[in-house]
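Undergrad: The structure under discussion is supplied below as structure tokens; questions concerning it will follow.
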Amino acid sequence: MTILPNFLKKRAFLTPDRMALEMNNKCLTFAQLYKQSVIFARKLASTGIKKGDTVSIFMSNSIELVTIIFALKNLGAITVLHNLRLTTKELSFQLEDAGSQLLLIDHCSENSLRQQVNIPILSNLELANLKEMELCELLEEVNLNDTDTIMYTSGTTGFPKGVKQTYGNHFWSATGSALNMGLHQEDCWLLAVPIFHISGLSILMRSVIYGMKILIHKRFDAATVHQDLMTKEVTIISVVTAMLNGLLAELGSGTYPPSFRCMLVGGGTVPKSILSECKSKNIPVYQTYGMTETCSQIVTLSPDSALLKLGSAGKPLYPNQLKIMKEKQEASSYEIGEIVVKGPNVTPGYFNRTDATLAAIQDGWLYTGDLGYLDEEGFLYVVDRRSDLIISGGENIYPAEIEAAILSHPFIEEAGVTGMMDEKWGQVPIGFFVIKQGKTVEKEQLIEHLHEQLAKYKVPKQFYSVSSLPKNASNKLLRRKLLDFLPKEGDDEHTES
Ligand code: ATP
Ligand code: MG
Numbered sequence: 005m006t007i008l009p010n011f012l013k014k015r016a017f018l019t020p021d022r023m024a025l026e027m028n029n030k031c032l033t034f035a036q037l038y039k040q041s042v043i044f045a046r047k048l049a050s051t052g053i054k055k056g057d058t059v060s061i062f063m064s065n066s067i068e069l070v071t072i073i074f075a076l077k078n079l080g081a082i083t084v085l086h087n088l089r090l091t092t093k094e095l096s097f098q099l100e101d102a103g104s105q106l107l108l109i110d111h112c113s114e115n116s117l118r119q120q121v122n123i124p125i126l127s128n129l130e131l132a133n134l135k136e137m138e139l140c141e142l143l144e145e146v147n148l149n150d151t152d153t154i155m156y157t158s159g160t161t162g163f164p165k166g167v168k169q170t171y172g173n174h175f176w177s178a179t180g181s182a183l184n185m186g187l188h189q190e191d192c193w194l195l196a197v198p199i200f201h202i203s204g205l206s207i208l209m210r211s212v213i214y215g216m217k218i219l220i221h222k223r224f225d226a227a228t229v230h231q232d233l234m235t236k237e238v239t240i241i242s243v244v245t246a247m248l249n250g251l252l253a254e255l256g257s258g259t260y261p262p263s264f265r266c267m268l269v270g271g272g273t274v275p276k277s278i279l280s281e282c283k284s285k286n287i288p289v290y291q292t293y294g295m296t297e298t299c300s301q302i303v304t305l306s307p308d309s310a311l312l313k314l315g316s317a318g319k320p321l322y323p324n325q326l327k328i329m330k331e332k333q334e335a336s337s338y339e340i341g342e343i344v345v346k347g348p349n350v351t352p353g354y355f356n357r358t359d360a361t362l363a364a365i366q367d368g369w370l371y372t373g374d375l376g377y378l379d380e381e382g383f384l385y386v387v388d389r390r391s392d393l394i395i396s397g398g399e400n401i402y403p404a405e406i407e408a409a410i411l412s413h414p415f416i417e418e419a420g421v422t423g424m425m426d427e428k429w430g431q432v433p434i435g436f437f438v439i440k441q442g443k444t445v446e447k448e449q450l451i452e453h454l455h456e457q458l459a460k461y462k463v464p465k466q467f468y469s470v471s472s473l474p475k476n477a478s479n480k481l482l483r484r485k486l487l488d489f490l491p492k493e494g495d496d497e498h499t500e501s
């Protein structure tokens, strides 16, 4: 059992006047943030919330959200962060699953929710207006084994599961990241990903553990984020590929200020064309692999290896171990199998899901559900999700490989590939794509482009040009929903290849 002091209280004691966060030109030091979090803890205590209770949050990025998250830690309550794009039905399921006693929401989303959710709800405004409970016990220290937050997985492959994230998981995640990327006195991390997702929450935790300023955006907007990267002495930003694309368009032929030192790109593979463009513009891209279950990054590739190891997600961070398992045996170099990871940032399991926990974690090793391989130097290459694998005539086809080939067409903005039942082959790949604004792509031309790069059996048998692809709140492609995009009978959208 390892005990540490209350994270934010300790930080406010060490560096009270250092800037903790900035949003919409409003700034808070660590001392101010802690003070506010104590006020909100006392207000929450007046509603009956105490140590060990579960409290849900359904809010967009804001200073209030950050304050509430730390207020709940001051009380020792478990915080459940929900994706803002959930339908009320999905949210209700998660509230019940997590056994939440209270739901905290943004003032603006109040009305519709109140009628449909059957646990007490408080908006940030109502909470601010509550009286503070003077005699409430505030947590002085934390046990690293205690659950701090519960976060549901994105639900890319199926129903989201509640991942338990302990104080220790967050602490070690932040430590592993700093040991990899270094920590500079003047670091400022731009947070434009959702805090309800681990990519956002982990930035918040790093801020407090490192004593580092964060610049919060409500949501990602390429033009405003670009403006801040150019003018606000940001040193690090976390993005997914779609965001990086938007930023590259904003940057044009320019370059970022020299103080900008890290573009952390995660959540999915980065197309090689984008990596080369970043290299030519001197953008320090760190590719990273991680998930809700590993509390963010677990494998990272630094810029010096980026082009030597094109397409790799890097090596496991200092506190982590990684192996590839194939048919219950450890795979040799270049053999594709399931990515299995271990370390103090890995979740102890899923909330209320003993079955899923036992299936995923064996002897402390987490079976990620992702397929990949290691090269002879131990660099990881993520291939695809096990559940998205297409088996056609006995051959394994990885949708990500085909999507990358489609995306290498200069006029294509987005691509998605999934398997469709086929009498002859069992399954065949079919492709969906979004064309860049103002461009046209003939499907025959695209098929020719793919035949130059892929074996014939991998080239999708049908193609559909669509205006957008199904995505979740983390902007991830939902391949299992692609088939819903198939046009109705009589539609002439498709082409056989
Ligand atoms: P669910 O588990 O409910 O299907 P999810 O896995 O999308 O949802 P997250 O935890 O948000 O939920 O996402 C983690 C996943 O994202 C990883 O398991 C992996 O499939 C993918 N991913 C993350 N980083 C990379 C990367 N660098 N390359 C390829 N895939 C990545
Ligand atoms: Mg997952």
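Just so we're aligned, residue 5 is where the sequence shown starts under the numbering used here, counting upward by one. Quick reminder that beta carbons are idealized off the backbone N, C-alpha and C, glycines included. Quantities reported herein were computed from a predicted structural model and do not represent experimental measurements.
Suppose only complete runs of 4+ residues qualify. What are the alpha helix (DSSP H) ranges in the segment 38–115, listed by chain order?
TA: Runs found: 67–79, 92–102.
Undergrad: In the structure shown, what three-state DSSP assignment does ASP21 receive?
TA: Reduced to three states, the DSSP call for ASP21 is coil.
Undergrad: To the nearest angstrom, report how far apart LEU252 and ALA246 are at their CA atoms.
TA: Taking the straight line joining both Cα atoms gives about 10 Å.
Undergrad: Taking buried to mean at least 16 other C-beta atoms within 10 Å of its own C-beta, is ALA459 buried or exposed?
TA: Classification of ALA459: exposed, given that the 10 Å Cβ count is below 16.
Undergrad: Is the shortest distance between the beta-carbon of LEU233 and the beta-carbons of chain B less than 8 Å?
TA: Here chain B cannot be found, since the structure has a single protein chain.
Undergrad: May I ask whether a heavy atom of ligand 4 can be found less than 7 Å away from the beta carbon of GLY373?
TA: Ligand 4 is absent from the structure shown, which contains only ligand 1 and ligand 2.
Undergrad: Return the first residue and the last residue of the beta strand (DSSP E) that LYS285 is part of.
TA: Premise fails: LYS285 is in no beta strand (DSSP E) and is neither H nor E.
Undergrad: Using a threshold of 7 Å, is the CB atom of MET155 nearer than that to any non-hydrogen atom of ligand 2?
TA: MET155 Cβ: outside cutoff for every heavy atom of ligand 2.
Undergrad: Along the chain, where does the alpha helix (DSSP H) containing ILE410 start, and where does it finish?
TA: 403–411 is the extent of the alpha helix (DSSP H) around ILE410.
Undergrad: So is LYS93 buried or exposed if we call it buried at 16+ other beta carbons inside 10 Å?
TA: The residue is exposed, with fewer than 16 neighbouring Cβ atoms inside 10 Å.
Undergrad: Under the DSSP definition of a beta bridge, which residues are partnered with GLY318?
TA: Answer is LEU384, bridged to GLY318.
Undergrad: Tell me whether the beta-carbon of LEU95 lies closer than 8 Å to the beta-carbon of ILE123.
TA: In this structure, ILE123 does not lie closer than 8 Å to LEU95 by Cβ.
Undergrad: With a threshold of 16 other CB atoms inside 10 Å of the CB of LEU481, please say whether the residue is buried or exposed.
TA: So LEU481 counts as buried.
Undergrad: According to the neighbour-count rule (16 or more other Cβ atoms, all chains shown, within 10 Å of its Cβ), is TYR322 buried or exposed?
TA: With fewer than 16 Cβ atoms within 10 Å of its Cβ, TYR322 is classed as exposed.
Undergrad: Could you tell me the alpha carbon to alpha carbon distance between GLN189 and TRP176, rounded to whole angstroms?
TA: Distance between the alpha carbons of GLN189 and TRP176: 20 Å.
Undergrad: Indicate, with yes or no, if ligand 2 has a heavy atom lying under 7 Å from the CB of THR161.
TA: Checking every heavy atom of ligand 2 against the Cβ of THR161, one is found closer than 7 Å.
Undergrad: Can you tell me whether DSSP reads THR394 as helix, strand or coil?
TA: Contrary to the premise, residue 394 reads as Ile rather than Thr in this sequence. Looking at ILE394 - three-state DSSP - the assignment turns out to be strand.
Undergrad: Mapping the DSSP letters down to three states, classify ASP359 as helix, strand or coil.
TA: Correct three-state label for ASP359: helix.
Undergrad: Report yes if the C-beta distance between VAL438 and GLU418 is below 8 Å; otherwise report no.
TA: Yes, the Cβ-Cβ distance between VAL438 and GLU418 is below 8 Å.
Undergrad: I believe HIS413 touches HIS455 by the beta-carbon criterion, under 8 Å. Please report the beta-carbon distance rounded to the nearest angstrom.
TA: With a Cβ gap of about 12 Å, HIS413 and HIS455 do not count as contacting.
Undergrad: In terms of residue numbering, what span does the beta strand (DSSP E) encompassing PHE503 cover?
TA: Given a span of 5 to 501 for the chain in the structure shown, any question on residue 503 remains unanswerable.
Undergrad: Closest to MET216 by CA distance: which of LEU187, GLY204, ILE241 is it?
TA: Of LEU187, GLY204, ILE241, the residue nearest in Cα terms is LEU187.
Undergrad: Determine the extent of the alpha helix (DSSP H) in which VAL245 is found, giving its start and end residues.
TA: Per the sequence shown, the amino acid found at residue 245 is Thr instead of Val. 245–255 is the span of the alpha helix (DSSP H), which, as asked, contains THR245.
Undergrad: Taking 7 Å as the cut-off, is the CB of GLY204 close to at least one heavy atom of ligand 1?
TA: Checking the Cβ of GLY204 against ligand 1 gives no.
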